[in-house]
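Numbering (the numbering used here), first residue to last: 19 to 375.
Data first, discussion second: the structure below is written as structure tokens.
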């Protein structure tokens, strides 16, 4: 039986560059490294967010644990099939095969058939639109969804009750499938409301694992300058977080499925009152390593955003603007000592599109 793990976040630690393997191929200050495990002390609290010039941050994923501290089952160990439905806005859309391709790069070698159904500037109701079309009552043999990933909240209308109602409907429809539910960065004050909803619902559903993207994104180099959209390396980190929580699956062969929802028209037009897209003057090419060191992610927080729509961002530019709403206090994420596993992947070079504000 699948048991919901406790809240888990990445642990960011400064290490010598020579000890690490990099994610992505572009140089500069926004470099994130995923490395082999190193000795750490659990429960030491927040680590400094500055990294010496000759050192780079690493992101490590601890294994999921149950509330009593015992090791939790991986999703891949409990599912009856290997099809995973990934639902999101611009943040997950940037990892789809029509852009960076990181989600399939990580999950397909683990044996998953992956459908990334994500579009820019989508609010929480988009999740139910996806399910209306793709979650049919009697699917053809081999076309049932066995697990799901939900990352919706980076476009938030400021109505916490409505957000909770839509998200609860999504989770009810996906149950009892194992489901990963992401928190969001709190780049606006009222995004705490979204994360509170995600954490609250995550604690109610035994099939839900909350991945604390808010904590993950605090690692230097994961987010672009708008404090919302991930960098090219950050998109790799998202995919690794999903792969770590799902784990390998031994049923069938992995495949990157064609997305049904592919409307990216919001990229080049402003649909919200304060969001912006980080622009680049050139197209960046990512060359990923042949093997990726990953590990098992656990559960964590919730997601939230301001009252605007967002679009796909690249590694440069664009602040998020102001946002309204009262600030509420959330419980801190639980962290555990990291332990990683190596996941072999074959990752071809890919191109991230140029976007404009």
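No residue lacks a Cβ here, since even glycine has one placed at the ideal position from N, Cα and C.
This one's a predicted model, so the numbers in the text were calculated from it and none came from an experiment.
Quick check on this structure: which residue in the options has the alpha carbon closest to the alpha carbon of residue i?
i, options, result
"residue 197", "263, 124 and 121", "263"
"residue 186", "102, 218, 159 and 173", "218"
"residue 280", "131, 144 and 154", "144"
"residue 272", "278, 282 and 261", "261"
"residue 184", "282, 149, 125 and 159", "149"
"residue 159", "203, 100 and 268", "100"
"residue 152", "137, 179, 103 and 190", "103"
"residue 251", "229, 265 and 235", "235"
"residue 278", "115, 130, 180 and 86", "115"
"residue 270", "179, 124, 86 and 130", "130"
"residue 124", "231, 253 and 86", "253"
"residue 200", "231, 190, 207 and 192", "231"
"residue 179", "268, 192 and 142", "142"
With 16 as the cutoff for other CB atoms within 10 Å, does residue i come out buried or exposed?
i, result
"residue 113", "buried"
"residue 88", "exposed"
"residue 156", "exposed"
"residue 4", "The requested residue 4 does not occur in the structure, where the chain is confined to residues 19 to 375."
"residue 276", "exposed"
"residue 177", "exposed"
"residue 167", "buried"
"residue 222", "exposed"
"residue 154", "exposed"
"residue 224", "exposed"
"residue 282", "buried"
"residue 301", "Its pLDDT being 31, under 50, residue 301 is placed unreliably by the model, and nothing is read from it."
Determine whether the beta carbon atoms of residue i and residue j lie at a separation below 7 Å.
i, j, result
"residue 215", "residue 182", "yes"
"residue 119", "residue 169", "no"
"residue 146", "residue 188", "yes"
"residue 233", "residue 121", "no"
"residue 202", "residue 243", "no"
"residue 111", "residue 133", "no"
"residue 229", "residue 220", "no"
"residue 266", "residue 128", "yes"
"residue 209", "residue 245", "no"
Assuming the contact rule is C-beta atoms closer than 8 Å, residue i and residue j should be a hit. Round their C-beta distance to whole Å, please.
i, j, result
"residue 195", "residue 165", "6 Å"
"residue 284", "residue 138", "4 Å"
"residue 174", "residue 226", "Not confirmed; about 20 Å, so no contact."
"residue 126", "residue 274", "6 Å"
The ligand FAD heavy atoms versus the CB of residue i: any closer than 6 Å?
i, result
"residue 102", "What this structure holds is no ligand at all, so the ligand FAD is not there to describe."
Sufficient close CB pairs (3 or more, under 8 Å) joining the segment 235-244 to the segment 90-103: Between the segment 235-244 and the segment 90-103, the count of Cβ pairs shorter than 8 Å is below three; the stretches do not touch.
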